[in-house]
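Number of protein chains: 2
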Amino acid sequence: MATTKAQAKAEYNAFMAVCPSRQLLDRISNKWVVLILCALGGDVPDASDQPGASHAPKAMRYSELSRLLAGVSQKMLTQTLRALERDGLLTRTVTPTVPVTVTYQLTGLGLSLHHLTRGLRHWAQTHMDQVLANREKNDAQAF
Amino acid sequence: MATTKAQAKAEYNAFMAVCPSRQLLDRISNKWVVLILCALGGDVPDASDQPGASHAPKAMRYSELSRLLAGVSQKMLTQTLRALERDGLLTRTVTPTVPVTVTYQLTGLGLSLHHLTRGLRHWAQTHMDQVLANREKNDAQAF
DNA sequence: GTGCCTACTTCCCGAAAGAAAGCAGGTCTC
DNA sequence: GAGACCTGCTTTCTTTCGGGAAGTAGGCAC
């Protein structure tokens, strides 16, 4: 019985490389994934003016994301969006307008993960000073 | 005045590639960083038996981490640990025992981030089934 | 000496990310 | 109809990064 329990636990252990949840963790522990989720979740800088408001899932166009996520290559953006669509975290909608319009929007599943990525972004912004201070201190000790 | 405010916001905007908080976000959005923080935060599978208990920061040896984080190369483990030490997220302690013992332990700063990475790991484990189902559904539609 | 231990470090190579150009399908202009 | 735009990709090339395996340092045991 203890053996069965241990086996079941091993199968759901995110530290095991072969475990699906570990593969999923590897997928979402990606800078572009985190940034895209932040963007589509409405966690954009302009929204920080109205605290509590406008943190709603916001549909965004490909070009909007490309502009907002400074430094992302078009290849990576497309690749990451397709992967997230495949995993059911967002939906891709093509509207045949004057020039074609493609919008991406978080699903309920994506929104649930967005809450966590938002926390990551918030943590990075609030603890940045501390980290930079630690970095300087450690670099100084190297001599 | 509006210009000053916009500038200040741009400097602290995690979506800008040059912003330090963006670089910090890129650093922590890394699978090995997340897994190391989970491990050192005491968020190991065996601890899930006692809910609420043993989720304390736990010092671990290099070899312990290497064993727990299945699939990590020694190079990446060392590199990631050094980076986290530099950023003040964990401390590295060398004890000159029979064979030398090196232990790593989260700092307060690292522990605060651990709460978020623990959420990520928990999310991955609970929503894995949904994601896998979505993946199969989307792959089937491809034909 | 030789071997073994931990905790790295170094080297090499394949895989993945980035930069830039090209392409598809549509409209508008002339 | 030819050319010039537009968005949203795709392709190609280059560079950088990560994994695998071997080697190293310092200490002890035999």
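As they're listed, the protein sequences go chains C and E. Once you know that position 32 of the first sequence is 32 in the numbering used here, the rest is easy, because the numbers rise by one and skip nothing. Once you know that position 7 of the second sequence is 7 in the numbering used here, the rest is easy, because the numbers rise by one and skip nothing. Backbone N, C-alpha and C fix where the C-beta goes; we use that ideal spot for every residue, glycine too.
Put simply, the segment 126-142 of chain C does not touch the segment 130-140 of chain E. Fewer than three CB pairs are less than 8 angstroms apart.
Taking every protein chain shown into account, the CB of E/G108 has fewer than 16 other CB atoms within 10 angstroms, so this residue is exposed. The continuous alpha helix (DSSP H) containing E/L68 extends over residues 62-68. Contact annotation: in the segment 80-110 of chain C, residues whose CB is within less than 9 angstroms of a CB in chain E are E85, R86, D87, G88, L89, T107, L109. The contact set of C/H127 on chain E, defined by CB atoms closer than 8 angstroms, consists of L24, L109, S112, L113 in chain order. Our two residues, E/H115 and C/S63, have alpha carbons roughly 34 angstroms apart in a direct line.
From the beta-carbon of E/R121, the residues of chain C found nearer than 7 angstroms are A14, L25. The beta-carbon distance between C/C38 and C/T95, rounded to whole angstroms, is 24 angstroms. This is too long to meet the 8 angstroms contact definition. For E/K58, the closest Cβ of chain C is not nearer than 8 angstroms. Per DSSP, E/T93 is one residue of the beta strand (DSSP E) stretching across 90-95. In the same chain as E/L84, and ignoring 5 residues on each side of it, the C-beta atoms closer than 6 angstroms to its own belong to L90, in chain order. The C-beta of E/K31 has 16 or more other C-beta atoms within 10 Å across all chains shown, which makes the residue buried. In the structure shown, C/T107 falls within a coil segment according to DSSP collapsed to helix, strand and coil. For E/L77 against E/L68, the beta-carbon gap comes to about 10 angstroms, at or over 8 angstroms, which does not count as contact.
Cα atoms of C/T93 and E/M60: separation of roughly 47 angstroms, rounded to the nearest angstrom.
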